[in-house]
C-alpha cells in the first residue's frame, strides 16, 4: 500500500492571494522571512485580507534563510501566547518550513526537537490550528509537501523533518509573488525544483500517481527556467506552477542522495553556507552518473531524456545526454560546476577533506537516502562528494 497526500485546497493563478479573505477563523499568526514580502506590499495584503476575513492577526517576522531550531522555538512561543486557529506562512521555503515546525511545538509544547527528527513521527496536528502556505519562490514547493528543513547551527547539521501531518491545509500559488525574485534566487530555486522532479521520478517509491507530475514538471522546468532567469514574466509564472507540481511528486515519492548530500554539506563548513538549490544543481549530474549503474534507474533517466527531446541510441547515451543538458542549464544559470569553485572558492579544500568522512556518514544516514535508486555506503559517498568538490568523473 502507498499513500498520496496533498493540501485539501490549492488556489493558483494571478490574484489567488485574495482567497485569504475566505478563510474561517478568529486569530491568525503570519510567519514571514526577511523584508522582501513587506517591501513589495504582499505582507500588508495578507494582513488586510485576513482582517477582512474577521481575524485578529499577529506577525512573526525575520525568519532567516536556513531557519534555526532557536527561531522555531521563538515562533512557537508566540503562537502559544496568542492562540491562533490559523498559521499563515508567506515567503520562500525558509519561513514556511519554520512555521511547519512551529506548528508542532505550538500544539505540543512539551515535544522535544529530537522527537521530530525521526521521519513520520510527528504527533497529530490540527488540534489547535490549520495551516496555509503562500510561496514567493519557485523551488522548494514546501506549500504542498510533507517536509520541513531546520538547521541546528550548534551541530552544523540540516535536519529534514518529514510527516504527512505537516502538509499544509491550504496552498496559495500566486505568480505575482514570484515576479519579485532576484536572478540568482530564480536560478537556485529552479534547479532545486528540477532536482525534486528528477529524484521523485527515479525514487524507489515512485508510482502511477507521482510519475506524471514529475515528468511534466521536468519538461516545464527544462522549457521555462532559463527564460525565467532571463526575465521572461510568463516563464516566471509557469515556473511557479512547475515547482509546485514537482513538490506534489516528491512529497509522495520522496527524494534521493542529491538531497542527502545537500542537507549535510549546506551548513558543514566555516567558509560559508552552500545554498541548497545550488548544491542540488552541482551534485545532480554526479548522482545521475552514480545511480545509472543501477539498470532500472538508468532506464528511468533515459525516459526523462526522451521526454524532454534529447537524443541517444541507448540508455547509457540518453543518460549522458541528460547529464550534459543539466550541466548546460547550470552554465546558463551561472551556477558553479563544483564545490571548489562555488562562490569563488569559499569552501576551504583542507576543511572539506578533514570533514569528508563525517559528512559522508551523515549523508548516508539522511532521511532522503532510503528512497535513492542505488544503495550507497559511507566510503562510496565520500568518493561521490570528492567528485562533486573537484568536478571529476564518477566511475564507480
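Residue numbers (this note's numbering): 226 to 621.
Backbone N, C-alpha and C define an ideal beta-carbon position, used for all residues, glycine too.
Note that the structure is predicted; figures quoted are calculated from it, not measured.
Using the Cα positions of residue i and residue j, report the straight-line distance between them to the nearest angstrom.
i	j	result
residue 469	residue 364	8 Å
residue 516	residue 254	43 Å
residue 514	residue 315	37 Å
residue 345	residue 389	7 Å
residue 395	residue 387	18 Å
residue 501	residue 244	31 Å
residue 262	residue 549	36 Å
residue 519	residue 601	12 Å
residue 349	residue 277	30 Å
residue 307	residue 327	13 Å
residue 422	residue 475	7 Å
residue 416	residue 596	20 Å
Skipping 5 residues on each side, what residues in its chain have a beta carbon closer than 7 Å to that of residue i?
i	result
residue 449	460, 463, 464, 467
residue 190	Absent from the structure is residue 190, since the part of the chain shown begins at 226 and ends at 621.
residue 404	458, 461
residue 540	523, 524, 527
residue 607	581, 582, 585
On a Cα-Cα basis, can you pick out the residue from the options that is closest to residue i?
i	options	result
residue 239	359, 522, 294	359
residue 526	370, 333, 502, 440	440
residue 616	607, 564, 587	564
residue 631	489, 232, 522, 614	Residue 631 falls outside the range modelled here, since the chain spans only 226 to 621, and no answer is possible.
residue 248	327, 258, 310, 294	310
residue 490	380, 620, 282, 528	380
residue 385	583, 572, 511, 487	487
residue 320	347, 268, 342	268
residue 330	604, 303, 318	303
residue 410	577, 356, 558	558
residue 283	305, 294, 576, 265	305
residue 614	575, 357, 597	575
residue 230	266, 508, 371	371
Can you give me the Cβ contacts of residue i inside the same chain, cut-off strictly under 6 Å, excluding the 5 residues immediately before and after it?
i	result
residue 480	424, 593
residue 503	413, 560
residue 291	376
residue 250	280, 310, 311
residue 478	425, 428, 430, 431, 435
residue 485	588, 591, 593, 594
residue 399	241, 242
residue 452	460
residue 418	364, 446, 468, 471
residue 572	494, 496, 564
residue 555	506
residue 553	none
Can you tell me where the beta strand (DSSP E) with residue i in it begins and where it stops?
i	result
residue 357	355-360
residue 285	281-285
residue 253	252-257
residue 375	372-377
residue 387	382-387
residue 234	234-237
Round the Cβ separation of residue i and residue j to the nearest angstrom and send it over; I've been treating them as touching at under 8 Å.
i	j	result
residue 332	residue 353	5 Å
residue 627	residue 551	The requested residue 627 does not occur in the structure, where the chain is confined to residues 226 to 621.
Between which two residues does the alpha helix (DSSP H) holding residue i run?
i	result
residue 318	318-332
residue 589	574-589
residue 529	520-532
residue 338	338-342
residue 395	Not the alpha helix (DSSP H): residue 395 falls in the beta strand (DSSP E), residues 395-398.
Using a Cβ-Cβ cutoff of less than 8 Å, which residues in the same chain neighbour residue i once the five nearest sequence positions on both sides are dropped?
i	result
residue 299	285
residue 323	256, 288, 292, 296, 297, 300, 314, 373, 375
residue 445	463, 464, 466, 467, 470
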